[in-house]
Amino acid sequence: MKAYGAASWISAALFTLLLPGTHATPIDRRAGISSCLSGADVTIVGPSDSGYSADSKAFNERLSYQPAAIVYPGSLPDSYGLGGENGHLIVDLSKLKSISLDASSGNVASQTGNRLGDLATSLWNQGQRALPHGTCPYVGSGGHTAFGGFGPFSRVGGLLLDRVVSADVVLANGTAVTASASQYSDLFWALRGAGASYGIVTSWTYSTLPAPQNNIYWEINFSDSLAKSKLTSALVAFQTFASSSLPDEFWMQAVLGADGDGGISLGFSGTYFGTASDFKTQLNGGTGLSTSAPETPDTFFAKSLITTTALPQSTWASWANFLYSSATDTDLDWFVEIDLYGGAISRVGKDDTAFAHRDAIFTFQLYASSANSKPPYPSDGISFVSDMLASIDTNPQAAYANYVDPTLTPAQWQTQYYDGHYQRLTQVKAAYDPNNVFSFPQSIGLTA
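All the letters of the sequence shown, read from the start, carry residue numbers -24 to -1, 1 to 424 under mature numbering (1 follows the signal peptide of the UniProt record, and there is no 0).
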């Protein structure tokens, strides 16, 4: 165990101030945080600073919180801002951008201030290597890894957390450790699926894969709205095809939304990592990335659903009924993505990492924005998305933790995000963060 760098200093200095049992007003706590951090090698932005409003602004403008302070370390950490309540400290690691590929082993050490676009571009430029992650270049690599981020290449390479061989993490007591299968193995297990509850991960080391030399992107869009019965039939056919013996190299998704003319649009798209001739056999049986430009914020609410068994036709019909009765005349700008799992994801043992949903078939993301993507969010938006999910499953048992759903009760999110792993996660929490310093509304607790 060793102590070093700004992240360690921050964690140790604020240990007492951030204890859940500490009795202090928000003003007292903010003043105390500023006093503690004044001697550290960090940039501090507080409520009285001119940049506070912009720096504390969430991507989702439906949410508006006032953190006690925002800290930008000049050396070490990751963006750490899962507070979801007023008065929290945000440690923004966006300045930590190192990416170092070891050509001999194929392992890459990437600091968690990097976004997915940074990581993908650097791996290609340094050695035409790749990792299985999502397609949005603006998504932060730290949280994407910690909670089971996935993408088109995941059926070949697994979840992004499956490629992690070690993690550098600063603990609540100010010490910094490297967790792996051979040291701090219990922490290493928990970080891969629930990482934000245990410390500040400053760097992930991944085992990369050779970048595919042949990539075929395909897309099928229905130009006209589908009748309700045809929508049901199309979704059943999609599920049947996706559940067949597809090779790992074949990934696909379905996307639904309002078509603007009172109907429902449906499209299928995917990627095949192989040759054109092989791709055609399966069917029969871009621009440069940038993360430097500002990302356009949104005002939205989202829920997720993970399915582990094939949905019966009656369920698809129930969903189609909801879409045609309630989703064609709303002012909300909504869509649903249904992503295919399986392949390498399912070949990792359920208990090998804290990510529990290895038997998943599909992940649904149900998303609704305000009409102009600006606040205020419509009063019926949350109920609209919730009712849409209920038309598919009234008692969901699995959801994706990276699609944070604040409407879930503790019993619901503990089951849906972590399944049977929650008790073990609390045991690791008690060992490494016994005072619950790393606490947010859906953080792992000290007891089950």
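All residues carry an ideal CB built from backbone N, CA and C; glycine is no exception. Predicted, not measured: the structure shown is a model, and the values here were computed from it.
Short check: CB of R334 to CB of I321, under 8 angstroms?
The sequence position of residue 334 within the sequence shown is 358, counting from 1. The sequence position of residue 321 within the sequence shown is 345, counting from 1. Cβ atoms of R334 and I321: closer than 8 angstroms.
Cut-off 6 angstroms between Cβ atoms - residues of its own chain near S367, not counting five sequence neighbours on either side:
To locate residue 367, count along the sequence shown from 1; it is residue 391. Within the same chain, S367 has close Cβ partners S294, W295 and F298.
What's the C-alpha gap between F164 and A157?
Here the question's residue 164 lines up with position 188 in the sequence shown. Here the question's residue 157 lines up with position 181 in the sequence shown. Their Cα atoms are separated by approximately 7 angstroms.
Look at the Cβ atom of S142, then the Cβ atom of T154, and state whether they are nearer than 8 angstroms.
Along the sequence shown, one-based indexing puts residue 142 at 166. Along the sequence shown, one-based indexing puts residue 154 at 178. A contact, by the Cβ cut-off of 8 angstroms.
Are the segment 83 to 91 and the segment 176 to 183 in contact at 8 angstroms, needing three or more beta carbon pairs?
yes
If we call anything under 8 angstroms between Cβ atoms a contact, is L107 one with G124?
If you number the sequence shown from 1, residue 107 lands on position 131. If you number the sequence shown from 1, residue 124 lands on position 148. In this structure, G124 does not lie closer than 8 angstroms to L107 by Cβ.
Here's the rule I'm using: 16 or more other beta-carbon atoms within 10 Å means buried, otherwise exposed. How should D200 be labelled?
Residue 200 sits at position 224 when you count from the first residue of the sequence shown. Label assigned to D200: exposed.
Between L77 and the rest of its own chain, which residues show a CB-CB distance below 6 angstroms, the 5 nearest in sequence each way excluded?
Along the sequence shown, read from residue 1 onward, the residue named residue 77 stands at position 101. Hits under 6 angstroms: V84, Q102 and G103.
For V140, which option in L202, F331, V413 and A377 has the closest C-alpha, if you only look at C-alpha atoms?
Here residue 140 refers to the residue found at position 164 of the sequence shown. Answer by Cα proximity: F331.
Taking the C-alpha atoms as reference points, what is the distance between T208 and L232?
As a first step, residue 208 must be located in the sequence shown, where it is residue number 232. As a first step, residue 232 must be located in the sequence shown, where it is residue number 256. For T208 and L232, the distance between alpha carbons rounds to 12 angstroms.
DSSP three-state call for D235: helix, strand or coil?
Translated into the one-based positions of the sequence shown, residue 235 becomes position 259. DSSP places D235 in coil when its eight states are reduced to three.
Pull up the distance between the alpha-carbon of P188 and that of S29, whole angstroms please.
On the sequence shown, position 212 is the one that residue 188 refers to. On the sequence shown, position 53 is the one that residue 29 refers to. Distance between the alpha carbons of P188 and S29 is about 43 angstroms.
How big is the Cα-Cα spacing for S213 and I282?
Sequence index remark: in the sequence shown, residue 213 carries index 237 (1-based). Sequence index remark: in the sequence shown, residue 282 carries index 306 (1-based). Going by the sequence as given, residue 213 is Ala instead of Ser. Each residue's alpha carbon lies about 19 angstroms from the other.
Where the alpha helix (DSSP H) containing V67 begins and where it ends:
The count along the sequence shown starts at 1 and reaches residue 67 at position 91. Unbroken run through V67 is the beta strand (DSSP E), L65 to V67; no alpha helix (DSSP H).
In chain order, which continuous runs of the beta strand (DSSP E) of length 3 or greater are located wholly inside the segment 309 to 392?
309 to 316 and 338 to 345
If you count every other CB in all the chains shown that lies within 10 Å of the CB of A44, and 16 or more means buried, which is it?
On the sequence shown, position 68 is the one that residue 44 refers to. With 16 or more Cβ atoms within 10 Å of its Cβ, A44 is classed as buried.
Any non-hydrogen atom of the ligand ATP within 7 angstroms of L39 CB:
The ligand content of the structure shown is nil, which means the ligand ATP is not present either.
By a C-beta neighbour count over all protein chains shown, 10 Å radius and 16 as the cutoff for buried, is T251 buried or exposed?
Looking up residue 251 in the sequence shown gives position 275. The residue is exposed, with fewer than 16 neighbouring Cβ atoms inside 10 Å.
Reduced DSSP category for N260 - H, G, I as helix; E, B as strand; rest coil:
Here residue 260 refers to the residue found at position 284 of the sequence shown. DSSP places N260 in helix when its eight states are reduced to three.
Which parts of the segment 141 to 218 are runs of the alpha helix (DSSP H), unbroken and 4 residues or longer, counting only runs that do not cross its ends?
161 to 170 and 204 to 218
Give the DSSP bridge partners of V18, in chain order.
Reading the sequence shown from its first residue, position 42 is the one you call residue 18. The partner list for V18 (beta bridge, DSSP) reads P49.
Residue span of the alpha helix (DSSP H) that contains T97, given as start and end
Here residue 97 refers to the residue found at position 121 when the sequence shown is read from its first residue. First-last of the alpha helix (DSSP H) with T97: L92 to G103.
Answer yes or no: do A374 and D381 have a C-beta to C-beta separation smaller than 8 angstroms?
Walking along the sequence shown from the start, residue 374 turns up at place 398. Walking along the sequence shown from the start, residue 381 turns up at place 405. For A374 and D381, no; Cβs fall outside 8 angstroms.
Can you give me the C-alpha to C-alpha distance between P53 and A218, rounded to a whole angstrom?
For this step, residue 53 is matched to residue 77 along the sequence shown. For this step, residue 218 is matched to residue 242 along the sequence shown. Residue placement at P53 is flagged as unreliable, the pLDDT there being 38, under the threshold of 50; a coordinate-derived value is accordingly withheld.
Between which two residues does the beta strand (DSSP E) containing N411 stretch?
In the sequence shown, residue 411 corresponds to position 435, counting from 1. Where N411 is concerned, there is no enclosing beta strand (DSSP E), given that its DSSP letter is neither H nor E.
Under 7 angstroms Cβ to Cβ from L167, same chain only, skipping five residues before and after it: list those, please.
Walking along the sequence shown from the start, residue 167 turns up at place 191. Excluding residues within five positions, the ones whose Cβ falls inside 7 angstroms are A122, A143, V145, A155, Y174 and V177.
So is residue 440 buried or exposed if we call it buried at 16+ other beta carbons inside 10 Å?
Outside the displayed span of the chain (-24 to 424) sits residue 440, for which this structure offers no information.
Using a Cβ-Cβ cutoff of less than 6 angstroms, which residues in the same chain neighbour D94 once the five nearest sequence positions on both sides are dropped?
In the sequence shown, counting from the first residue as 1, residue 94 sits at position 118. The residues are T267.
Who are the Cβ neighbours of T(-3) in its own chain at under 6 angstroms, not counting the five residues just before and after it?
Residue numbering aside, residue -3 sits at position 22 when the sequence shown is read from its first letter. Low per-residue confidence applies at T(-3): pLDDT is 48, beneath 50, and the placement is therefore not dependable enough to give any value.
DSSP three-state call for residue 435: helix, strand or coil?
The question about residue 435 has no answer here: the residues shown for the chain are numbered -24 through 424.
Report the three-state DSSP secondary structure of T285 (helix, strand or coil).
The count along the sequence shown starts at 1 and reaches residue 285 at position 309. If DSSP states are grouped into helix, strand and coil, T285 belongs with coil.
Per-residue DSSP class, three states only, for S76
Taking the first residue of the sequence shown as 1, we reach residue 76 at position 100. S76: strand per DSSP, three-state reduction.
Could you please give me the residues that DSSP links to A424 through a beta bridge?
Counted from its first residue, the sequence shown places residue 424 at position 448. Beta-bridge pairing links A424 to no other residue.
Rounded to whole angstroms, what's the CA-CA distance from N36 to D274? Just pull it up for me.
Residue mapping note: residue 36 aligns to position 60 of the sequence shown, counting from 1. Residue mapping note: residue 274 aligns to position 298 of the sequence shown, counting from 1. If you take the alpha carbons of N36 and D274, they lie about 5 angstroms apart.
Quick one: is A79 buried, meaning 16 or more other Cβ sit within 10 Å of its Cβ, or exposed?
The residue labelled residue 79 in the question sits at position 103 within the sequence shown. When all chains shown are included, A79 counts as exposed.
How long is the line joining the alpha carbons of T329 and V404, rounded to whole angstroms?
Locating residue 329 in the sequence shown gives position 353, where the first residue counts as 1. Locating residue 404 in the sequence shown gives position 428, where the first residue counts as 1. Using only the alpha carbons, I get a separation of about 13 angstroms.
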